[in-house]
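The block underneath contains the structure these notes are about, expressed in structure tokens.
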Amino acid sequence: MALKTTETPAAASSSASTAENSPGPLKTPPLLPISGCKPQDPVPLTADEQKKYDWLLAQARGWKEVPSKVEGKSGPLTDDEKFWLSRECIIRFLRATKMHEKDSEKRLLETLAWRREYGVDENLTPEHISPENETGKQIMAGFDKQGRPCHYLNPARQNTDPSPRQIQHLVYMVERVLDLMPPHQETLTLLINFKPGKNRGNTAPGINIGRECLHILQMHYPERLGRALIINGKPYFHHLAPYTDFFVNDLTYHPTFAVPWVVWGFFKLITPFIDPRTREKLHFNEDMTQFVPKEQLWTEYPGGEMAFEYEHETYWPALWKLCQERRAARREKWVKGGKHIGEYEDFMTGYSERGCVTAAGLETKEEASKEETKT
1 MALKTTETPA AASSSASTAE NSPGPLKTPP LLPISGCKPQ DPVPLTADEQ KKYDWLLAQA
61 RGWKEVPSKV EGKSGPLTDD EKFWLSRECI IRFLRATKMH EKDSEKRLLE TLAWRREYGV
121 DENLTPEHIS PENETGKQIM AGFDKQGRPC HYLNPARQNT DPSPRQIQHL VYMVERVLDL
181 MPPHQETLTL LINFKPGKNR GNTAPGINIG RECLHILQMH YPERLGRALI INGKPYFHHL
241 APYTDFFVND LTYHPTFAVP WVVWGFFKLI TPFIDPRTRE KLHFNEDMTQ FVPKEQLWTE
301 YPGGEMAFEY EHETYWPALW KLCQERRAAR REKWVKGGKH IGEYEDFMTG YSERGCVTAA
361 GLETKEEASK EETKT
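Those letters in the sequence shown? Residues 1 to 375, per UniProt numbering, in order.
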């Protein structure tokens, strides 16, 4: 997606930093986690998992075309798609299919085709999405104690009627939160406040909107939720307790649960993110400062000390500029490393100098290129 501003990434960083340090409520995304908030190391692959990863990596490096049913969308991998196909991305899709390598390959190709057809990098511009977020119903603001970016969902601030753009809004904001991942982190923290809205009686998306959102999150953004912190929702969620332990994907709404559609809908939105291995990720009405440092927890949440005021004309362009800067920096590292499929995200973010070339024991980028050609 092209940068739609004449301001350079360095200037964007400078302006965002200035805004962050200005007196009064914060109106732009905080740039980094506070000192001491560090990501946990990822779980290393077993020998069998490494073998499956190596197979899938070889397949991806050998793909001649991304097939699509939409006319004009089939074609070879672009540089943007190769950049997206990091080592960690491939592993996330493997884990989402319980390490079934052929299912993972199918799903990766389907996601690449979907990203082309949906226009994730071309059609979802800040100008197009802007009306959906004029009230700040989704924001990225701060980081939790493991350095995860905090993605706030504020259903009470719903300002639009159901439409395809509501789905695009969700995709756009998830993409922006992923852009702001700090080094050595792959997951986000979702914070949801089910406080009733004052202006609109029904703050929920339509059922068709909800279903499409669920499909997109489940199929195309696996293994991305680190934690979900929910307030003002427990009176309804306790009816679902027998089901939440399994995080089943076929949970359906039933009126006897006495769960308002908005609560059930948001519950469904977050469950596709959650892998069954980490059922402790959902937290209802707990002390949020256990998980998010009070300095970066919004004052809308109990214990939070981060005064944040959503001012659309300030926040919206600042978010875009910051995301473009982060993405450009990662891409520059990727290009300098040889533009490899399967590049380490830690290498691209500058966390480590160990990239896929050095990890494979190859001495030069030329040897790595020859290895890719062989596969």
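Here a beta-carbon is modelled for each residue, glycine too, at the ideal position from N, C-alpha and C. Note that the structure is predicted; figures quoted are calculated from it, not measured.
Reduced DSSP secondary structure (H/G/I, E/B, other) of residue i
i           : result
L85         : coil
H307        : At residue 307 the sequence reads Ala, which differs from the His that was named. A307: coil per DSSP, three-state reduction.
Q138        : strand
L251        : Per-residue confidence for L251 stands at a pLDDT of 36, beneath the threshold of 50, marking its modelled position as unreliable; the derived number appears in the next sentence. If DSSP states are grouped into helix, strand and coil, L251 belongs with coil.
P149        : strand
W298        : strand
F347        : helix
R176        : helix
T111        : helix
M99         : coil
D41         : coil
F291        : coil
H340        : coil
H239        : With a pLDDT of only 36 at H239, under the threshold of 50, the placement of this residue in the model should not be trusted; the figure read from the coordinates follows. Helix at H239.
S130        : helix
Q158        : coil
residue 378 : Residue 378 is absent from the model: the chain starts at 1 and stops at 375.
Reference residue i, options the options, closest by Cα
i    : options                : result
A228 : C213, P196, M288       : M288
L26  : A359, E309, T78        : E309
T46  : L170, E65, L94         : L94
P42  : I216, F284, M306, Q185 : Q185
M306 : D79, D48, G142, S68    : G142
P39  : A359, D144, C213       : D144
K195 : P302, K73, H340        : P302
N208 : R176, E175, D161, V66  : D161
D48  : I192, H215, E101, L77  : E101
K73  : K51, L112, A329, Q290  : L112
G62  : K69, P164, H340, I231  : H340
K147 : R165, E353, V292       : Sequence check: residue 147 is Gly here, not Lys. Per the Cα distances, V292.
F284 : D80, A328, W320, N232  : N232
P44  : E65, C213, S163, R92   : R92
8 angstroms Cβ shell around residue i - same chain, five flanking residues per side excluded
i    : result
L180 : P29, M140, P149, L322, C323, R326
I90  : Y53, L56, L57, A60, S104, L108, G342
G337 : E343, F347, M348, G355, C356, V357, K365
E286 : L229
T97  : D103, S104, R107
G136 : N154, R157, Y310, H312, Y315
Same chain, Cβ closer than 7 angstroms to residue i, five either side skipped, listed in chain order
i    : result
P183 : D346, T349, G350, Y351
F83  : R331, W334
V177 : M140, P149, H151, L188
V248 : No answer about V248 holds up, because its pLDDT of 30 lies below 50 and its placement is not dependable.
Beta bridge counterpart(s) of residue i as assigned by DSSP
i           : result
I230        : I192, F284
F143        : P149
L26         : F308
L225        : L188
residue 395 : Absent from the structure is residue 395, since the part of the chain shown begins at 1 and ends at 375.
Residues near residue i by beta carbon distance below 6 angstroms, same chain, minus five either side
i    : result
K333 : M348
Y172 : L124, I129
Q290 : none
Does the region 31-50 come within contact of the region 287-302, defined as at least 3 CB pairs closer than 8 angstroms?
yes
Whether or not the region 128-148 and the region 81-96 are in contact is what I'm after, with contact meaning three or more pairs of Cβ atoms, one per stretch, closer than 8 angstroms; do they touch?
no
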